[in-house]
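Student:
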Amino acid sequence: MTRPISITLLAKAGPHLGRGLGALALAVLLALPLLHLLPAEHALHVSAYTLTLVGKILCYAVVALALDLVWGYAGLLSLGHGLFFALGGYAMGMYLMRQAAGDGLPAFMSFLAWSELPWYWYGTSSFLWCLALVVLAPGLLALAFGFFAFRSRIKGVYFSIMTQALTFAAMLLFFRNETGFGGNNGFTDFRTLLGFEITAPGTRAALFLCSLALLVGSLLLGWRLAHSKFGRVLTALRDAENRLMFCGYDPRGYKLFVWVLSAVLCGLAGALYVPQVGIINPSEMAPTQSIEAAIWVALGGRGTLLGALLGAGLVNGAKSWFTVAFPEYWLFFLGALFIVATLFLPKGVIGLLGKGDKS
Amino acid sequence: MIATPSPTCMLEPAFHPAGVGRDAIGLGQSAGRGLDVRHGTILTLEDISVSFDGFKALNALNLYIGVGELRCIIGPNGAGKTTLMDVITGKTRPDRGQAWFGETLDLTRMSEVEIAQAGIGRKFQKPTVFEALSVFENLELALKTDKSVWASLRARLSGAQKDRIEEVLTTIRLEGSRHRPAGLLSHGQKQFLEIGMLLVQDPQLLLLDEPVAGMTDAETEFTAELFKSLARQHSLMVVEHDMGFVGTIADHVTVLHQGSVLAEGSLEQVQANERVIEVYLGR
Amino acid sequence: MQRRSLIKAFTLSASIAAMGLSWTIQAAETIKVGILHSLSGTMAISETSLKDMALMTIEEINAKGGVNGKQLEPVVVDPASNWPLFAEKARQLLTQDKVAVVFGCWTSVSRKSVLPVFEELNGLLFYPVQYEGEELSPNVFYTGAAPNQQAIPAVEYLMSEEGGAAKRFFLLGTDYVYPRTTNKILRAFLLSKGVAEKDIEEVYTPFGHSDYQTIVANIKKFAAGGKTAVVSTINGDSNVPFYKELANQGLDATEVPVVAFSVGEEELRGIDTKPLVGHLAAWNYFQSVDNPVNSEFVEKWKAYAKAKGLPNADKAVTNDPMEATYVGIHMWAQAVEKAGTTEVDKVREALAGQTFAAPSGYTLTMDATNHHLHKPVMIGEVQEDGQFSVVWQTEGPIRAQPWSPFIPGNESKPEYAVKSN
Amino acid sequence: MPAIYPFLLSLALFLLPLTSEAGEAADFAAASPARQAQLLEHWAATPDPTRQPLLDALQHGRLAVDGARRAFIERDGRLVAAEGDAPPEGTPKKLRLNNRLRGLLATAQASHRLLAEEPEVRLAAARALQKSARPAQLSLLNASLARESDAAVRDALALALANLQLADPDPKIRLGAVRLLGETGEPLARTRLEALLAPDAERDPTVRTAAETSLAQIKRRLLFGELLGQAFSGLSLGSILLLAALGLAITFGLLGVINMAHGEMLMLGAYATYVVQLLFQRHFPEALALYPLAALPVAFLATATVGMALERTVIRHLYGRPLETLLATWGISLILIQLVRVLFGAQNVEVANPAWLSGGVQVLPNLVLPWNRLVIIAFALFVVALTWLLLNRTRLGLNVRAVTQNRNMAACCGVPTGRVDMLAFGLGSGIAGLGGVALSQIGNVGPDLGQSYIIDSFLVVVLGGVGQLAGSVLAAFGLGVANKILEPQIGAVLGKILILALIILFIQKRPQGLFALKGRVLD
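Protein chains in written order, with the numbering used here: chain A, 703 to 1061; chain B, 13 to 295; chain C, 3 to 423; chain D, 12 to 534.
If you want it as structure tokens, here you go:
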């Protein structure tokens, strides 16, 4: 009601300004893969390094978005989203490993002296089945975990710590060589994807476009959800779960739906991430990775979809730059960034732009 | 004031002193919408006990509320009033005893959500509304409709539903604030919003925990009118400390003390009860 | 107010960025070399000193006039113990910074992560750490030991009368590919030497495992069955709790000697070595090796550490991977001189057969075909002062067998580098 | 062959003294390692008190050899010729032993110590010989046993002898030895008896039967020791988890700060220990053994100060926003880690166990309880008691509980909430610092130390029930013991995974942890 005029003005300009900036960003992102296809000598050529770096950040942005759906809207802080991301990545990695191995066994299996594929590897040479796995593996795990967790009304910090324990346990499991996912080395040295050279500029550009499409798709989906009655129920759930139950809503179903959706989005992001960075290993499940994802969201602005994207972009961009510019001191910058952001930007960076309520 | 009058015919519930029994109250055969209230009792609590770490919050409590009745529950602090509400709404499971909604619904076996969907609405002691949502959205969420996940993904408000919300907005005098976030409302306004949410939810039994706390006299008076008009089509159970308010609305008062019913009857009757005086005034 | 402080922060960071930029522009006629070691995260513990050693070596080469008349310009990046970041940084070094060569990596997984990048962009990586073998990339030169240059001689020593004539072997490692491969090779080797299956026990612990009570109890139990030696491939951080438990449970080296393949002088800095005297390590270099080249090398390193104010400079030590880094950089520089260019294909050719008088006291040769160094093997005993005394060594440098003959299927692997797959 | 071996050696024994009169030290110094081994074996069979200085010098690495292969013993920093008084030729080099020689030397030392005056020394020597006696020492042991007056030493010697007598040609002696070994719980005796039971190893049926009985007895005792060992290691792990988690039980459990920098407080405590150790090494080397005690107050104060400073500057602004404390403290933890890395280096630093925390107490033949672990268990209980007293018996504790239960109400009652918050956070951090001192005695001290404990700490606090000190204690010991019961069955990794899965299931059952207060749920 009594907001300073400047902010009100900004808010009014917001939709136009925001839409303009968004369109610009989208145009730039769409142009990147095309410019990558130009010959290397061309002045406008975008290097594979830039393309994979931005592609990676796009995947992270999807994770941030997915996390924001459960944390920002439903109030469930997951410290285990890295697990779903990694599961999607592993599912894609299985396909890529089979592609690279041809008719034989993946290299790490012959190393363990296994003579045949374990049962969970059957069918992974089929791309379609792998796509299904990308969705099913994180989805079913999230469903099972969510079903039990929400049934017994685990929430708040308890929920966070449980998700952390889950991803930690999974990390230990995947570190074991006998688990059959390559142990600490994970999957690497991919060759082809659907018959295309994975290092070919065309493949890279296509993967980049897929990531962009996934991001835009998730954003639209998230926007639709947030602005439907479903989204309002989630917000209500976050603020007063008991009240909502006495209104006759079963919070379990709502939580489970958004939780599984979020996990699946992470899985898809992981699946696109792996062929771009060329490796998947259990360290993606390390609890610190998931905490970092929470930080992207918080820094960008919790409960606003654009904020999550912005946070993922900012932190990862900063990280990529700091690690080169100040290899010895970048952790100071990053740490200070988090502290300053939480102290002075309670609504995240997006709060600065004056559209902190809802995007 | 209420736009959808219930088709069932309701008579003034007969008054019976405490301990007479469960067949005492109400004549209605059905409160509508499938709830079986053949014996005229909408809520039956028998021998309910709840204890927390040895402390007996409810102790072999018996309580019957008739269809269309407006019942006030009074009692000193710690008498178990809120725990009683918790038991009815499924939030706390009794260690012992039976709780029936109508003749067939066993409240001790139902989840909070099932109980709410079966037609028991509750207003909390501390007004609880969805602070991040606007007043209109609060009412929209509470509106009686299909509340499954799939339904709300596709939900669109129908004209009739919008009218209903507008109507309640007028009733609770918040029509000017419909787009304000509920978190910005005053305490009293929040109380009204919560009552409004109960109204659109259209439950058969309303549990109201200190509904007039923090209200001005005028607001209290208005609330009293509102409750009186609600009774008959709905059953109400009001927990209140404000004796004046109780006096205005109640035809039937139950006094709780140390987790069980101390006295039951009209306000004058319980006020004259020696044991009640002793409990309230101390010895 | 808040916004103003944010703007300030932005100006600050922009000016810092500008500083960084001007610093890179300044050096024009130089050869850039990349240094890809983790400076933060779990691996910083081991890799930081390799970065410093690389910088020292580059300084040393520059002081002698550089390579082909050009100064070397190190580009240091921090992949932060994050494996995907290793690949990203490798790509950055090769395509953005256009470095002529990269010195880096420690863990196998980091090497596996960057390998496709180096093969795709035809870059050159010098990998300075002992590893499991089973790899031979044309774009990598391996200056650490292959299993036959470390593990097998160590076990042979344990089986000898001098080494205590061990009859039973407890193979203990962290669960990742290096210990697994090494133990697989060792098991095949031991079986070929007539050791029975029941006399070999193989146990793995997770990364960062810190509670060795049960395992030490099991070693004790196992050791009651006959003269036992422990072959440890425990990874860096877990060694301290392991050795402390060993000492405190009263298992000393005379009873059950432990030979470690990942414990060197640098790791011993974090351990009180008095209770560990007599335990063994197998490497291709020890700081205590007595020869003029090494004395100079150690002196130079200590002086460098002091001059640069490295933490704990007064206790600076050298170790095997540091020596391998040093040798690698020098060999590369020699090869560039010989080839007259930094072009990868020509340098690769020039590297074959390159020799260098290393601090280990031997003249090491880069094998003509297999991209590995010929290295001597030394067994050292832990001393009270945190150093090793060499108790046994090979006659001379031995050739690496990246494809161990003890792993079935390796007979058909070519003895020269081809792109994997 | 085994029967001839001692005979040959006693023959050698007969011949050798003639040569060694010239100077055993010189002989040894000049010998090849194989010959050195022979000499040591011979010395072990023929103890001679005059040889003691030479053995001691060897054992402590004080024997040096000069260019003429003559032996010198280092005494008070000077080299003294072991025999004669010729000055050294060139710079003498220290004579280094290998493991085989060290083992033989220990046996030789033991047989020499059998001659000692003090019964305790003889007892220790006899015990050592139980493990390491060699056939050549048979007659020595027989002779020692015959002249031994102390009962305990006699028993120990008899056992040492029994090990050798298993190879005796006389079945009666073998039978006696087998029966005697059955009285022990030695893991080695088990192996020896098992060897006896191998086909064709023992012809005499009575001895065989006796060996079977003895073996069964030993196995029973060993199993008992193993179980006891498992229980102890469980308790020990529990005490470590407890020390790691206790500070968090205050900062997170009571104050509600999701303190991701908790691990770094442990790390700072460990580094404080390191610094104190350095100071002691430089300035009070004579009192070095006491440095862990001095480190306790230093670590407590240092981490408490850091904690209070953080509370005042950062966390103060975040009360009531628990999830944001997670982010800010995560940032703090990154900064602290990198700070330590820059100051002390990325490598681990050495924190040594002082003598009184080294080694262990031999409870059973197959059970050693390390002193550092025993002390840490006691220390953990002490810290718990201290914390409990502070929280429940002092004004500060009352204020802390008041503030954590209802901040506004406490402020209205005149409790200086700001100060209380600061002190409470300082207390939690200080206790974490104490934990760090303990952790430095069993594991790594490096910048990443805290990271490896943070997850376990949170699990302990959550499992115990947030805000419940007793719950944390129970949870820590429960997790420790469960871990150690599972580890031998299914391995460390699967064990840990299973525990995590069990915790997740348990929290389903009791979402508020072990010790949740049941009560009217407030909204």
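Cβ coordinates follow ideal geometry from the N, Cα and C atoms, glycine included. As the structure is a computational prediction, the values presented were derived from the model and not from experiment.
Here's a check: name, in chain order, each residue in its chain whose Cβ is nearer than 8 Å to the Cβ of residue 341/D, leaving out the five neighbours to either side.
Tutor: 271 and 272
Student: Can you say whether residue 320/C is buried or exposed, counting buried as having 16 or more other CB atoms within 10 angstroms of its CB?
Tutor: buried
Student: Residue 336/D and residue 431/D look like a contact to me (Cβ under 8 Å); what is the Cβ gap, rounded to whole Å?
Tutor: Between residue 431/D and residue 336/D the Cβ distance is about 17 Å, and since that is not below 8 Å, they are no contact.
Student: Between residue 761/A and residue 971/A, is the Cβ-Cβ spacing less than 9 Å?
Tutor: yes
Student: Indicate the three-state DSSP secondary structure (helix, strand or coil) for residue 108/C in the structure shown.
Tutor: coil
Student: Is there at least one Cβ from chain A nearer than 9 Å to residue 344/D's Cβ?
Tutor: Interface residue, yes.
Student: Helix, strand or coil: which one does DSSP assign to residue 814/A?
Tutor: coil
Student: Tell me the rounded alpha-carbon separation between residue 912/A and residue 974/A.
Tutor: 8 Å
Student: Would you list the one or two residues that DSSP bridges to residue 459/D?
Tutor: Paired residues: none, contrary to the question.
Student: Could you say which of 819/A, 1038/A, 789/A and 851/A lies nearest to residue 800/A if we only look at CA atoms?
Tutor: 819/A
Student: From residue 899/A to residue 732/A, what distance separates their C-alpha atoms?
Tutor: 22 Å
Student: In chain C, which residues lie less than 9 Å from residue 202/D when you measure between Cβ atoms?
Tutor: 226, 227 and 228
Student: Hey, does residue 312/C have any beta-carbon neighbour from chain D nearer than 9 Å?
Tutor: Residue 312/C counts as touching chain D.
Student: Return the CA-CA distance between residue 103/B and residue 887/A, expressed in angstroms with no decimal places.
Tutor: 50 Å
Student: Going by DSSP, what residue range makes up the alpha helix (DSSP H) through residue 773/A?
Tutor: Per DSSP, residue 773/A belongs to no alpha helix (DSSP H) and is neither H nor E.
Student: At 7 Å on the CB atoms, spell out the chain D contacts of residue 112/C, in chain order.
Tutor: Residues of chain D passing the Cβ test: none, with the nearest at roughly 16 Å.
Student: Please return the same chain residues whose Cβ sits closer than 7 Å to the Cβ of residue 514/D, not counting the five positions on each side in sequence.
Tutor: 470 and 474
Student: Quick one: which chain A residues come within Cβ less than 8 Å of residue 213/B?
Tutor: 949 and 950
Student: Assuming residue 309/D is part of the alpha helix (DSSP H), what are its boundary residues?
Tutor: Looking at the DSSP string, the run of the alpha helix (DSSP H) that includes residue 309/D is 302-324.
Student: Mapping the DSSP letters down to three states, classify residue 926/A as helix, strand or coil.
Tutor: helix
Student: With 9 Å as the threshold, decide whether the Cβ of residue 751/A is near any Cβ in chain C.
Tutor: yes
Student: Between the Cα of residue 325/D and those of 344/D, 309/D, 391/D and 310/D, spot the shortest distance and give me the residue it belongs to.
Tutor: 344/D
Student: Rank 724/A, 725/A, 748/A and 742/A by C-alpha distance to the C-alpha of residue 735/A and give the top, closest one.
Tutor: 748/A
Student: Using only the alpha-carbon positions, how far apart do residue 29/B and residue 275/B sit?
Tutor: Note that residue 29/B has pLDDT 39, beneath the 50 cutoff, so the model's placement of it is unreliable and no number is given.
Student: Taking contact to mean 3 or more Cβ pairs, one atom from each stretch, closer than 8 Å, check whether the stretch 402-420 of chain C and the stretch 161-173 of chain C are in contact.
Tutor: no
Student: Any beta carbon of chain A sitting closer than 9 Å to that of residue 7/C?
Tutor: With a pLDDT of only 46 at residue 7/C, under the threshold of 50, the placement of this residue in the model should not be trusted, and no figure is reported.
Student: Give me the residue from 323/C, 250/C and 159/C with the minimum Cα distance to residue 366/D.
Tutor: Residue 366/D has its Cα closest to that of 250/C, out of 323/C, 250/C and 159/C.
Student: Do you know how far the Cα of residue 854/A is from the Cα of residue 143/C?
Tutor: 56 Å
Student: In chain A, what lies closer than 8 Å to residue 101/B by C-beta?
Tutor: 948
Student: Compute the distance between the beta-carbons of residue 767/A and residue 967/A, then report whether it is under 9 Å.
Tutor: yes
Student: Could you tell me which residues DSSP puts in a beta bridge with residue 158/C?
Tutor: None; residue 158/C has no bridge partner.
Student: By the 9 Å beta-carbon criterion, what residues does the stretch 1028-1040 of chain A contribute toward chain D?
Tutor: Contact residues of the stretch 1028-1040 of chain A toward chain D are 1030, 1031, 1032, 1033, 1034, 1036, 1037, 1038, 1039 and 1040 (C-beta to C-beta distance below 9 Å).
Student: By the criterion of Cβ-Cβ separation under 8 Å, what are the contact partners of residue 383/C in chain D?
Tutor: 107, 109 and 110
Student: Between the stretch 352-371 of chain D and the stretch 294-309 of chain D, can you find at least three pairs of beta-carbon atoms closer than 8 Å?
Tutor: yes
Student: Look at the alpha carbon of residue 157/D and the alpha carbon of residue 358/D, and state the distance between them as a whole number of angstroms.
Tutor: 57 Å
Student: Using 8 Å as the threshold, is the stretch 782-799 of chain A in touch with the stretch 834-844 of chain A, meaning 3 or more CB pairs across them?
Tutor: By the Cβ rule, the stretch 782-799 of chain A counts as touching the stretch 834-844 of chain A, because three or more pairs are nearer than 8 Å.
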